[in-house]
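Take a look at the structure below.
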Amino acid sequence: GKGVHVVTVNDYLAKRDSEWMGRVYKFLGLTVGVIVHGLSDEERHAAYAADVTYATNNELGFDYLRDNMKFERAQ
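Residues 40 to 114 (this note's numbering) are what the sequence shown spells out, left to right.
Spelled out as structure tokens, the structure:
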């Protein structure tokens, strides 16, 4: 199915909430990802592929811009 993005205002809250609520989601059989500053492209792709992804509004916005600057989908 499709995943959901939970938007927070800073990296601390994204990480904290993904760990706190992640236990509940994992118990229900869902996967949880978190997007924070400094992740590699591979780590970001894995986090976006999760059922529930926590991220800041800045990271989501800049990931959108970075993705649209690439010439090929595989980059």
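We put the CB at the ideal spot given by N, CA and C, even for glycine. Source: prediction; values computed, not measured.
From residue i to residue j, what distance separates their C-alpha atoms?
i: residue 91; j: residue 98; result: 15 Å
i: residue 64; j: residue 70; result: 7 Å
i: residue 96; j: residue 59; result: 20 Å
i: residue 42; j: residue 66; result: 17 Å
i: residue 105; j: residue 86; result: 16 Å
i: residue 55; j: residue 107; result: 29 Å
i: residue 62; j: residue 80; result: 25 Å
Does DSSP put residue i in a helix, in a strand, or in coil?
i: residue 63; result: helix
i: residue 44; result: strand
i: residue 100; result: helix
i: residue 94; result: strand
Please classify residue i as buried or exposed, where buried requires at least 16 other C-beta atoms within 10 Å of its C-beta.
i: residue 93; result: buried
i: residue 57; result: buried
i: residue 83; result: buried
For residue i versus residue j, is the C-beta spacing smaller than 9 Å?
i: residue 73; j: residue 88; result: no
i: residue 76; j: residue 102; result: no
Would residue i count as contacting chain D if we go by Cβ distances under 9 Å?
i: residue 72; result: Protein chains in the displayed structure number just one, and chain D is not present.
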